[in-house]
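In our numbering, the protein residues as written are 113 to 1020.
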């Protein structure tokens, strides 16, 4: 590492800083050939003084690099062509102007366009929308949107493509306001070119699908606004990569624009981690084999992704997208996607259980295979009935078949490391799920300013059927006894939801508004489970302990009022909702019925103070109530994993949470520094926790219960500090978390408190042909359990990473990135340190450099592995999973585009 740092900091010390402007570009003729000997003049606007001039070389290139910062007119002329004029508004923050490649018009063409280059804040607020100006952030050539997002202050993108902004997860990624190929964000972020993006906009949007059941937080939206010249003609890319033996990747993305019409198509296929199943698909389609998993003492399954994706993936994704006008008043948006996703995984897990009077340990080896072939169709029609009235109809239909096979072997050891029991389990399951949602929204604006009426009705239908087989064998070493299970299980579930809402906004004064709202929600859920034991060669004996038919009805009425004060500097929202929930749960097999009636007052409020367009302070107070899921209410044991049995609780009540949050964001245009901080406190009444019982043979039996006193505290601050005219950036960050959770273990109350802190430092260096970044992170966690202090063992992890992009002569480019992870204080066999090093060499071809051939090596040292430690209540779990190791790829990428003239576009 020291040999790397010496030349790096030596290079930094040679940077030259000045108070002059640099203006450059490449002049072409109408056939896109270089145009030599064109005259380029810089004329100061204030007094028409000629500041500098030059001529283009044989490649059409010019560079005016010694002009005092000022406002000037740049005129490019040639005796055989017409002139082209640019206006440049220079400043200390905006002193380098790259016009790129442009053509001079024929002499017969009248000037229709003047190009103006002026400074625009890289980060600013436009109302409640946070805007990033894309061209203000330098990225490597041929960069994707994901590469751009990683450059934006406050934006983080993990290995699976999940995006967070200021610590909050992005729920939707739109392209020009439209959902791009459904819920898979990576289709847009990993396939659209960064150079096509004008701005990245972040804002909150009401969750129309939340219903009256919850006072849910709004959706976090990221909208990628494309440049106007990217919405003419067509553009896209096609690539193929392989090692000619085992691994392969392929991508195709094509976009065509004609006026307001937009058509896109894509296809992706891969068996490497680079294009594998993202976090959204894994959860949505039940394909969690692509992620690390463990089953805690509460019987719940937890997921995460680390170092890319665990397991051996194989993915195919394809889809079509259309957006356009039908007549003058109707807009249609439609997209269809098909995916074939599969993962083969091997996981080793060691779990340590700490009880009041003893401890024991389990070692588990699991092999799993999961496959999903989801299809989805989304349609949106927006009709402008008149200038003040809109009607929007949205339809979403999806079909998701999922199949899974699992084989596991678990050994149970006493505190003295004596083997007491072993369990082998084989299971398979097939699920078919159909989901339909319809949403009709009516919006009416009135002549009086800010008077607004919004009516909304939605219907949701979900049907799922599953069939599974379970075989398990228990071997008891103390008694030399054994037992086994051989069962077939079918599950039929259905959910219907009708939701109606109305919101009326009335302006009282110029800055004051009142908002009145009413919501009604009716939902019906059913779950019919049948379990058959294997007797006399077939599954024909009903197991009544594991069979049930359960229904749940909910009637929710909610009325609210909100006071809104809004000025240029301040925005204040204060409101409250009164809610009544009626629940009726029926156990149709045991003839039991439970009725509940819950009333809540749900106050909320927020205050935002805008110091400027680049700096604001925000306070929020929210209350929320979450209904228990039907799986948590169903009073029948779920023995799909015989060592972790779950039993529902029909007496569960809805949760009630309160959250206080303060956040601060600041961007200084002159220096380019960015600061953001957040402090959050959340407490939950009637939180859904678990009562866990460990029987004499080590099985975990879990039932959800309501508890009080749980809370969560989180705080963080990070900065982005540019130095030396933005050549170097330093980004320190600090984060801490405190939490208290209550559960019951063998009837005794257990309070778990976790304290964790992390600190990191990013360092990046950027020049025209060099991009270097380094990152260091340290995490330290201190767990605490009231029942057994032996589990209160602190642990830590460190991560060091670096990346390099360097342009060589002859259009060669080298890229490399490395990650070094250090794990401490883990279970024996899990203190694994690993160094992941990827490197690639590429060359571009053709005048537009749109053909790229590259050779890459992933995990050059073949050390990749997936490890994690998690502490849940009284259990410490260490897990490691198989991943794709070292592989080589030869890749060919071709980018295609068309440049339509302004006249062609006007004809549309």
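Glycine is no exception: its CB is placed at the ideal position from the N, C-alpha and C atoms.
Between residue i and the rest of its own chain, which residues show a CB-CB distance below 8 Å, the 5 nearest in sequence each way excluded?
{"i": "residue 195", "result": "187, 188, 189, 216, 223"}
{"i": "residue 349", "result": "303, 305, 363, 364, 365, 1005, 1006, 1007, 1008"}
{"i": "residue 1037", "result": "Because the chain spans 113 through 1020 in this model, residue 1037 falls outside it and cannot be assessed."}
Excluding the 5 residues flanking residue i on each side, which residues of the same chain have their C-beta closer than 6 Å to its C-beta?
{"i": "residue 1002", "result": "967"}
{"i": "residue 974", "result": "997, 998"}
{"i": "residue 549", "result": "508, 572"}
{"i": "residue 566", "result": "555, 615"}
{"i": "residue 474", "result": "463, 522, 524"}
{"i": "residue 133", "result": "179, 181, 202, 207"}
Give a yes or no on whether the C-beta atoms belonging to residue i and residue j are separated by under 8 Å.
{"i": "residue 719", "j": "residue 728", "result": "no"}
{"i": "residue 608", "j": "residue 582", "result": "no"}
{"i": "residue 138", "j": "residue 193", "result": "no"}
{"i": "residue 716", "j": "residue 735", "result": "yes"}
{"i": "residue 479", "j": "residue 542", "result": "no"}
{"i": "residue 546", "j": "residue 575", "result": "yes"}
{"i": "residue 442", "j": "residue 435", "result": "no"}
{"i": "residue 268", "j": "residue 251", "result": "no"}
{"i": "residue 305", "j": "residue 256", "result": "yes"}
{"i": "residue 814", "j": "residue 461", "result": "no"}
{"i": "residue 786", "j": "residue 151", "result": "no"}
{"i": "residue 751", "j": "residue 658", "result": "yes"}
{"i": "residue 899", "j": "residue 857", "result": "yes"}
{"i": "residue 954", "j": "residue 944", "result": "no"}
{"i": "residue 344", "j": "residue 378", "result": "no"}
{"i": "residue 888", "j": "residue 912", "result": "yes"}
DSSP three-state call for residue i: helix, strand or coil?
{"i": "residue 575", "result": "strand"}
{"i": "residue 742", "result": "helix"}
{"i": "residue 308", "result": "helix"}
{"i": "residue 748", "result": "coil"}
{"i": "residue 794", "result": "strand"}
{"i": "residue 533", "result": "strand"}
{"i": "residue 298", "result": "helix"}
{"i": "residue 1008", "result": "strand"}
{"i": "residue 961", "result": "coil"}
{"i": "residue 906", "result": "coil"}
{"i": "residue 402", "result": "Any reading at residue 402 must be qualified, since the residue scores a pLDDT of 37, below 50, and its modelled position is unreliable; no value is offered."}
{"i": "residue 385", "result": "helix"}
{"i": "residue 601", "result": "strand"}
{"i": "residue 527", "result": "coil"}
{"i": "residue 340", "result": "helix"}
Given a threshold of 16 other Cβ atoms within 10 Å of its Cβ, counted over all protein chains shown, does residue i qualify as buried or as exposed?
{"i": "residue 528", "result": "exposed"}
{"i": "residue 689", "result": "buried"}
{"i": "residue 238", "result": "exposed"}
{"i": "residue 298", "result": "buried"}
{"i": "residue 746", "result": "buried"}
{"i": "residue 358", "result": "exposed"}
{"i": "residue 590", "result": "exposed"}
{"i": "residue 210", "result": "exposed"}
{"i": "residue 1021", "result": "Absent from the structure is residue 1021, since the part of the chain shown begins at 113 and ends at 1020."}
{"i": "residue 488", "result": "buried"}
{"i": "residue 1087", "result": "Past the boundaries of the shown model lies residue 1087; the chain is included only from 113 to 1020, so the question cannot be answered."}
{"i": "residue 702", "result": "exposed"}
{"i": "residue 1010", "result": "exposed"}
{"i": "residue 282", "result": "buried"}
{"i": "residue 914", "result": "buried"}
Would you list the residues sitting across from residue i in a DSSP beta bridge?
{"i": "residue 863", "result": "854"}
{"i": "residue 799", "result": "819"}
{"i": "residue 373", "result": "370"}
{"i": "residue 217", "result": "Residue 217 pairs with nothing; no bridge assigned."}
{"i": "residue 245", "result": "311"}
{"i": "residue 946", "result": "933"}
{"i": "residue 661", "result": "640"}
{"i": "residue 687", "result": "674, 716"}
{"i": "residue 914", "result": "886, 930"}
{"i": "residue 849", "result": "826, 868"}
Is residue i near the ligand ZN, judged by its Cβ being under 7 Å from some heavy atom?
{"i": "residue 556", "result": "Absent from the structure shown: the ligand ZN. Ligands present: none."}
For residue i, which residues of its own chain have a beta-carbon under 7 Å away from its beta-carbon, when the five flanking residues on both sides are left out?
{"i": "residue 921", "result": "none"}
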